[in-house]
Amino acid sequence: MITNSVSLSRPYRFFVAAVFAMLALGLSQTACGQASAPVTPHEGVPATAAAIPSGSADPAPAHNTAALPAVDASKKEAGQKSDGAINQGIKMHGHWVIDVKNPDGTVVQHRDFENSLVPSASQFLIGLMSGYFIPGDYEILLQVPGGSAPCEGPQTGGCAIVRSLTTFPGANDCLIYYCGTGLTYTYNLANSPYSMVLAGSITANQAGSIGEVVTRYNSCGNTSEVFGTPTTIETSSPASCVANTTTNLFGSLSSATITSVPVANGQIIQVTVTITFS
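Here the sequence shown stands for residues -18 to 259, where the numbers follow this note's numbering.
Below, the structure written as structure tokens:
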């Protein structure tokens, strides 16, 4: 017989027993809830990725938002979307419309599609934001890998729509492809979505097809190396860069491989490219 034990009063023993009973009931309900309650995945996350794997740490408890005031959507930071959409990244969109017309204006082919940013074009975009690159002229190039394009140039098949034959990238590419001038630029800086539109047309000088489309850019920067990397801020103006006939910082901005678009000799190819970000 243990003589130094502490004798608990009956009310205290009853209180301790009640506490353990409540704890046991709470743990049982929690286990049941975790086993049966479905997990709602977040937007943009596959449902299979939302389940908690066996053996992983418990998820953070949900906060009680019943007493929180409603969020005024008009006070959200500009560009932010609900449900975590702000974390989905920045995308550049190149929306193309190609119409092939007979000389009388009749539309015989119509294509509407999106293209993708060429990986190396990120250098051009960062260069513009940093001031190391100054924007110049642009170009629309239509060709077909391994086939006959609707245009035959001095060196190979391809239709290039440029603003000028003497400024880059036309000064270089028109020595290779068949070129048509008259490329126009339209900018929307007043209302979202902000955009730049390249548009122009060219008349096919042979029968062929379009299977690949490209937008190309020219820029100016302080470098003495052909296709080099500028090392200092560029001080020339965009107006002087557009008129530049000796630059060497030009390349592809976006491209897409598309279902073949047939074009007959003498037909007119009309192209519009709308560039936006989201």
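Using N, Cα and C, we set each Cβ at its ideal position, and we do this for glycine too.
Opposing strand residues paired with residue i [DSSP bridges]
| i | result |
| --- | --- |
| Met73 | Phe258 |
| Tyr166 | Leu179 |
| Ser235 | Leu98 and Thr196 |
| Thr184 | Ile249 |
| Pro243 | Ser190 |
| Tyr119 | Tyr198 |
| Leu146 | Leu146 is not bridged to any residue. |
| Gln90 | Val81 |
| Ser230 | Correcting the residue identity first, residue 230 is Leu in this sequence and not Ser. In DSSP, Leu230 forms a bridge with Ser200. |
| Tyr159 | Cys140 |
| Glu262 | A question about residue 262 goes unanswered here, because the residues of the chain that appear run from -18 up to 259. |
Status (buried if at least 16 other CB within 10 Å, exposed otherwise) for residue i
| i | result |
| --- | --- |
| Asp93 | exposed |
| Ser200 | buried |
| Glu95 | exposed |
| Asp118 | buried |
| Asp85 | exposed |
| Val244 | buried |
| Pro211 | buried |
| Gly138 | buried |
| Asn172 | exposed |
| Leu230 | buried |
| Thr240 | exposed |
| Ala51 | Because Ala51 sits at a pLDDT of 48, beneath the cut-off of 50, its placement in the model cannot be relied upon, and the following sentence gives the value as read from the coordinates. Exposed, since its Cβ has fewer than 16 Cβ neighbours within 10 Å. |
| Leu4 | Note that Leu4 scores 38 on pLDDT, short of 50, meaning its location in the model is unreliable and no value can be drawn from it. |
| Gly189 | buried |
| Leu164 | buried |
Top-ranked residue by Cα proximity to residue i, from the options
| i | options | result |
| --- | --- | --- |
| Val242 | Gly70, Val78, Lys72 and Met73 | Val78 |
| Gln104 | Ser97, Tyr113 and Asn96 | Tyr113 |
| Ala237 | Val195, Ala171 and Phe258 | Val195 |
| Tyr159 | Asn225, Val143 and Phe149 | Val143 |
| Val99 | Val244, Ser221 and Ser235 | Ser235 |
| Gln187 | Asn246, Thr162, Val88 and Ser101 | Asn246 |
| Thr255 | Gly138, Ile121 and Asn83 | Ile121 |
| Thr148 | Val252, Arg197 and Gly139 | Arg197 |
| Asp154 | Leu164, Ala141 and Thr162 | Ala141 |
| Ser151 | Glu215, Pro174 and Asn225 | Note on identity: in this sequence residue 151 is Gly, with Ser being the wrong assignment. Out of Glu215, Pro174 and Asn225, Asn225 has the C-alpha closest to the C-alpha of Gly151. |
| Ser111 | Ser176, Ser145 and Ile214 | Ile214 |
| Ser176 | Leu146, Gly128, Ser221 and Thr253 | Thr253 |
| Ser97 | Thr87, His76 and Leu109 | His76 |
| Thr216 | Thr87, Asp80 and Leu109 | Leu109 |
C-beta atoms of residue i and residue j nearer than 9 Å
| i | j | result |
| --- | --- | --- |
| Cys132 | Ala185 | yes |
| Ile115 | Ser259 | no |
| Thr257 | His74 | yes |
| Ala309 | Ile191 | Past the boundaries of the shown model lies residue 309; the chain is included only from -18 to 259, so the question cannot be answered. |
| Val89 | Gln248 | yes |
| Glu193 | Gln136 | no |
| Ser101 | Gly232 | yes |
| Gly134 | Ile107 | no |
| Thr167 | Val178 | yes |
Residue i: first and last residue of the uninterrupted beta strand (DSSP E) it sits in
| i | result |
| --- | --- |
| Gly151 | First-last for Gly151: Gly151 to Asp154, but that is the alpha helix (DSSP H), not the beta strand (DSSP E). |
| Cys140 | Cys140 to Val143 |
| Gly127 | Segment: none, Gly127 is in no beta strand (DSSP E) and carries neither H nor E. |
Residue span of the alpha helix (DSSP H) that contains residue i, given as start and end
| i | result |
| --- | --- |
| Pro219 | Pro219 to Val223 |
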